[in-house]
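Input: a single structure, listed below in structure tokens.
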RNA sequence: GUUCCCAUCGUCUAGCGGCCUAGGACACCUCCCUUUCACGGAGGAUACACGAGUUCAAAUCUCGUUGGGAACGCCA
């Protein structure tokens with residue numbers, strides 16, 4: 303049995319990176335790529351780098367960069383080098399890690415390619431390119447626009463710049479590369495690209511800003527990235543990148559192209575069909591552990607088929623061999639279930655502190671008493687799938703928000719209901735303390751049963767409505783200990799009035 | 001259109017030539033638990049896109065067809 307080397311010649315340790323462009327929120331698809339890079343680096347005692355691809359000056363914002371950083375931190379995908387999560391300063395041996403601050407580096411590489419004839423200055427205007435494109439399209443769909451400047455000497459181009467003042471782009475010369483490029487993809491196996499798949503692509507824009515395919519290669523090389531795990535949409539880019547590696551005579555990292563995350567209609571996940579920003583999920587009360595768990599399961603599988611696990615377990619078990627190559631539909635229903643499982647695995651104290659955050663945010667009232675909080679968590683734990691579900695659950699405990707639901711009407715119209723409520727109210731009034739225990743409630747319930755001569759749902763539904771205003775939901779014996787005598791009286795009075803109002807209406 | 005990628009239950013997937021009359025999970029249905037709704041438990045229904053090869057043997061390998069997706073920018 304022969305061991306496959308972990309990385310290509312020229313690399314000494316596993317170094318992966320996630321390189322978002324700060325032009326919006328962190329997308330779950332991106333987060334999943336980040337996760338796999340993080341896991342692979344962790345698993346192999348390597349380094350995980352956060353690089354910022356902000357060469358699109360028009361769209362990159364600081365706001366977005368902060369969001370990316372905080373979302374990554376929230377998920378627990380901690381990086382070893384890159385933008386510091388607190389100070390936002392670049393830290394690590396290969397700083398700076400944002401491309402807008404590495405311009406001189408790209409320029410130097412471009413100059414080298416220019417000098418040895420692997421790239422050229424192109425003075426074509428947008429209009430000229432468009433016109434040319436139209437022209438050749440008629441003859442051959444497959445053809446690429448050919449720049450008349452491809453064969454100019456460097457001196458010629460420099461003279462032209464000087465005299466005309468024109469600002470050219472730098473293009474990579476592909477014409478002479480008539481051959482197939484073979485990529486040994488970690489996930490897809492052998493992928494063959496014909497070199498005529500691409501034309502002379504831009505390296506440097508006319509304003510000197512580098513273009514993605516160029517700075518990506520330069521940075522991956524300079525930062526000694528050993529493994530590039532990225533979404534499948536980048537697969538066609540890889541040809542351009544392979545060409546640059548070859549032209550610079552640089553050692554290639556290993557590439558792995560992960561399948562796409564799709565919408566229900568099997569297209570690339572987009573925000574038009576629901577939330578896709580990590581931040582939205584955080585706000586709705588999804589746990590980072592559940593997010594990671596769920597994202598991992600789109601494309602990766604636990605060796606024992608387990609469905610619920612945390613980041614540590616993933617890190618222990620992660621391997622590229624268990625990554626599959628077909629796209630995965632983002633199933634929000636299963637995400638919710640996954641979250642519920644993680645929620646229930648939490649101890650009551652931790653869960654309470656998370657619930658509290660959501661209640662505070664909405665200004666929902668709760669008791670400061672720790673045992674009350676504990677009891678409330680016990681009562682509501684299995685009723686929640688996401689933390690924000692707590693908002694409704696605890697609002698139901700607020701007297702000022704008490705409301706009788708529409709589906710209560712039927713039970714309130716039953717003949718024995720009036721009697722049940724009367725006995726119930728009487729028992730509350732007679733109760734000697736302000737609060738009730740579970741045992742108190744069970745006694746009271748039995749008394750109502752005997753005195754009102756009712757049982758089954760004729761007993762239970764009216765009682766629940768008198769407590770919570772709804773015929774279904776949390777066990778009444780768990781609800782009553784969360785309430786006061788005053789509160790229960792207030793509620794039963796409202797329900798009685800409601801029935802009276804209905805009768806006379 | 002061109003190039004590339006992909007193809008197992010509705011969805012996420014296991015499977016890497018015989019263990020597969022295809023396993024698990026979500027969702028769905030039935031029952032149990034439960035004086036409600038849930039949670040939990042036990043069952044059920046549902047899939048190897050199609051066609052040729054290779055082989056004693058194919059969900060697994062090869063080719064083709066079909067279907068889906070992505071990329072074709074001075075976006076990343």
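Residue numbers (my numbering): 303 to 807. C-beta atoms are modelled at their ideal positions from N, C-alpha and C, and glycine is treated no differently.
The beta strand (DSSP E) runs of length 3 or more contained entirely in the region 326-404 are, from start to end of the chain, 349-352 and 383-385. For residue 560, the enclosing beta strand (DSSP E) stretches over residues 556-560. Exposure of residue 484 is indicated by the presence of fewer than 16 other C-beta atoms within 10 angstroms of its C-beta.
Listed in chain order, the beta strand (DSSP E) elements of length 3 or more contained wholly in the region 394-459 are 421-424. The shortest C-alpha to C-alpha distance from residue 791 to any of 713, 780, 704 and 755 is the one to 704. Going by beta carbons, residue 726 and residue 794 fall inside the 8 Å limit. In the three-state DSSP reduction, residue 533 falls in the strand class (E or B). Residue 380 and residue 414 have their C-alpha atoms roughly 36 Å apart. Following the DSSP letters along the chain, one finds residue 584 in no beta strand (DSSP E) but inside the alpha helix (DSSP H) bounded by residues 580-586. For residue 492, the secondary structure class from DSSP, reduced to helix, strand or coil, is strand. About 6 Å separates the CB atoms of residue 502 and residue 452; that is less than 8 Å, so the two are in contact. Here the region 536-555 lies against the region 517-527, with 3 or more beta-carbon pairs under 8 Å apart.
Under the DSSP definition of a beta bridge, residue 484 partners with 494.
Residue range 613-619 is occupied by the alpha helix (DSSP H) that includes residue 617. Beta-bridge pairing by DSSP links residue 318 to 350. Scanning the region 740-769 for uninterrupted alpha helix (DSSP H) segments of 4 residues or longer gives 740-754, listed from N- to C-terminal end. The residue from 420, 653, 315 and 513 with its alpha-carbon nearest to that of residue 589 is 653. About 4 Å separates the CB atoms of residue 350 and residue 343; that is less than 8 Å, so the two are in contact. For residue 473 against residue 449, the beta-carbon gap comes to about 6 Å, under 8 Å, which counts as contact. Bounds of any alpha helix (DSSP H) do not take in residue 474; it lies within the beta strand (DSSP E) bounded by 471-474. Beta bridge pairing from DSSP links residue 504 with 473.
Of the residues 385, 378 and 377, the one whose Cα lies closest to the Cα of residue 367 is 385.
Scanning its chain for C-beta atoms nearer than 7 Å, with the 5 sequence neighbours on each side dropped, one finds around residue 479 the residues 497 and 545, in chain order.
Contact between the region 665-683 and the region 695-710 is established, with three or more Cβ pairs separated by less than 8 Å. Bridge partners of residue 602 according to DSSP: 625.
A Cβ-Cβ distance of about 6 Å is found for the pair residue 357 and residue 512, placing them in contact under the 8 Å criterion. One thing to note: residue 787 has its Cβ no nearer than 8 Å to the Cβ of residue 744.
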